[in-house]
Amino acid sequence: MRTPAAVDLKKGKFAKFKLGGVSAGRVAIGNFRSPHVLDFATVSYSVPGYFESPIPLVLLYEATPITAEKLKDEVLFRVPRPDAIRMVDKVEFLDVAGQKMALVVVPPSSRYPVKQGDSFSGQTRTANCTNALRRQLLEASTIIVKAEDHTISTRNEGAVFVLFEKSTTLGQPPFIDMIRHTTFPWVKVEDAPWANGRFKGDEFYNLVGFRERYADDCDEPICHIQLWAAGVNVSAGFHNHIGQSFAVAFEFPPFISLAKEANVGVPEPGRYRLINAKAAATAAVEGGDSTDGASLVVLRSNLTDQTWDLETIPGTNLYALKSVSFASSDWPAENGQKLIGTRSLAALGVTNSWNLDPVDHQKFQIRLVDTNLVWSVNKNDDIVLAQMGTSQGQDWIFEKVNGKT
9 MRTPAAVDLK KGKFAKFKLG GVSAGRVAIG NFRSPHVLDF ATVSYSVPGY FESPIPLVLL
69 YEATPITAEK LKDEVLFRVP RPDAIRMVDK VEFLDVAGQK MALVVVPPSS RYPVKQGDSF
129 SGQTRTANCT NALRRQLLEA STIIVKAEDH TISTRNEGAV FVLFEKSTTL GQPPFIDMIR
189 HTTFPWVKVE DAPWANGRFK GDEFYNLVGF RERYADDCDE PICHIQLWAA GVNVSAGFHN
249 HIGQSFAVAF EFPPFISLAK EANVGVPEPG RYRLINAKAA ATAAVEGGDS TDGASLVVLR
309 SNLTDQTWDL ETIPGTNLYA LKSVSFASSD WPAENGQKLI GTRSLAALGV TNSWNLDPVD
369 HQKFQIRLVD TNLVWSVNKN DDIVLAQMGT SQGQDWIFEK VNGKT
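In structure tokens, the structure reads:
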């Protein structure tokens, strides 16, 4: 079944495009799935002595509301607004590291089936799971779901999300040839135009980006998806975008992160002096130096020297601490390692995400994310990482400073 399309009306030239592999006697065009996109349905023919069909075959050829196009070196997806479609639309676009990624648009007040082990990254609006960790997706966010009824449900706005399913094509990691045998090229970061001479010799790779925009006159952007791969003994650190709607962990795989509610009983975001309870000294960046790599120390005089801004990392129960620079640790972290300052949370090779563990209603331990290493003070008054419980100088008092809430 083919349809003509005008190429040059003046010269009477037309081109034929194949619509389907089955012949049809009747074709009906209509917006069966969406008021903005036309589908077409066909009914088979029956010709005595040639092709007889006592039971007509009716087929629906669904137009895909989600479209893809090349945008320079990236891929641009244009997706319909969820409240503009009547049926779920799903487009699989990447199969990598044992995960198959698909872009899904679900209309309002609908359900979408999921399997055990699936995860999703909400791009917009609201999605809920029965007896699950629930979160209003006002910003792009990723959560672990526990959908006991194996469905994701939407409210009156509908939802757009990226679904991660177990791949049956690529098998299980490790993938020895993962970088070489891909349709989309993995670019070594040292060769990227924004590397600026960094990452020389590092087995650190970036996959082509995927952009999402709404397919209407507004052309509103939704999100930008990138993938990263790091080789053995290569650390990309933890890359946060404070104040923006996303945080990126360069760990590959898995793709699932956990969004938790803020800790109860910890200080609220604001400005504080960090006082070591044993040393009776305040935390500071040595010399007030904002240069990357400046040491963190405690000062035993002039308690008003430096203050710290406590900031939450969106979508997590983690915190960042900033004075003249951000309190950071080289990664991988080791016991006894000195803490340093970095000007940006986007610095590679460092981690600047912290948990606050209450000791009592006044004191807290500042613990490096996903470790048992906490802030401590050594004999030289350096602030270092130490195993929890191995020193008495691990408790910190957050003294509120007026002027910032």
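Each residue of the sequence shown is one higher than the one before, starting from 9 at the first, in my numbering. In this text, a Cβ means the ideal position worked out from N, Cα and C, and glycines have one as well. This structure is a prediction, so every number in the text was calculated from the model and none was measured.
DSSP places GLY166 within a strand segment (E or B) once states are collapsed to three. Distance between VAL367 and ASP403, taken at the CA atoms: about 7 Å. DSSP places GLY296 within a helical segment (H, G or I) once states are collapsed to three. Spanning the alpha carbons of GLY57 and LEU17 requires a straight line of approximately 39 Å. Residue SER127 holds the alpha-carbon nearest to the alpha-carbon of GLY106 among LEU393, TYR280, GLY38 and SER127. Fully enclosed beta strand (DSSP E) runs of no fewer than 3 residues occupy 327 to 330, 334 to 338, 348 to 350 and 362 to 366 of the stretch 318 to 371, in order along the chain. Per DSSP, reduced to three states, the secondary structure at VAL377 is coil, with no helix or strand assignment. With respect to the 7 Å criterion, LEU307 and ALA292 are classified as neighbours on the basis of their beta carbons. The three-state secondary structure of GLU70, taken from DSSP, is coil. In the structure shown, GLU100 falls within a strand segment according to DSSP collapsed to helix, strand and coil.
With respect to ARG375, ASP365 sits close: the two C-beta atoms are nearer than 7 Å. Nearest in C-alpha terms to TYR69, of all of THR75, SER333, GLU82 and ALA49, is ALA49. In the DSSP assignment, TRP404 falls within the beta strand (DSSP E) that extends over 404 to 408. A Cβ-Cβ contact shorter than 7 Å links VAL195 with ASN214. Among the bridge pairs identified by DSSP, ASP47 is matched with GLY38. Annotation: ARG206 to THR398 spans about 38 Å, alpha carbon to alpha carbon. At the C-beta level, VAL114 and GLY166 come within 7 Å of one another.
Using a 10 angstroms sphere on the CB of LYS330, the tally of other CB atoms reaches 16 or more, which defines it as buried.
Put simply, of TYR120, ASP338 and SER175 the residue whose alpha carbon is nearest the alpha carbon of LYS98 is TYR120. Comparing alpha-carbon positions, the option among PHE372, PRO64 and GLY130 lying closest to GLN400 turns out to be PHE372. ALA92 carries a helical assignment under DSSP once its states are collapsed to helix, strand and coil.
Distance check between ILE405 and each of VAL377, VAL242, THR290 and VAL382 places THR290 closest, using alpha-carbon atoms only. Taking the Cβ atoms as the reference, LYS346 lies roughly 5 Å from ASP390, within the contact range of under 8 Å. Ranked by Cα distance from GLU220, the first of SER52, PHE169 and GLU173 is PHE169. Rounded to the nearest whole angstrom, the C-alpha separation of ILE37 and SER52 is 15 Å.
Out of PRO201, ALA92 and GLU173, the CA that lies nearest to the CA of SER129 is found in GLU173.
Counting along the chain, the unbroken beta strand (DSSP E) around SER303 starts and ends at 302 to 307.
Under the three-state reduction of DSSP output, ASP225 falls in the coil class, being neither helix nor strand. Residue pairing by DSSP puts LEU84 in a beta bridge opposite GLU77 and ARG219. With a threshold of 16 other beta carbon atoms within 10 Å, SER117 falls short and is exposed.
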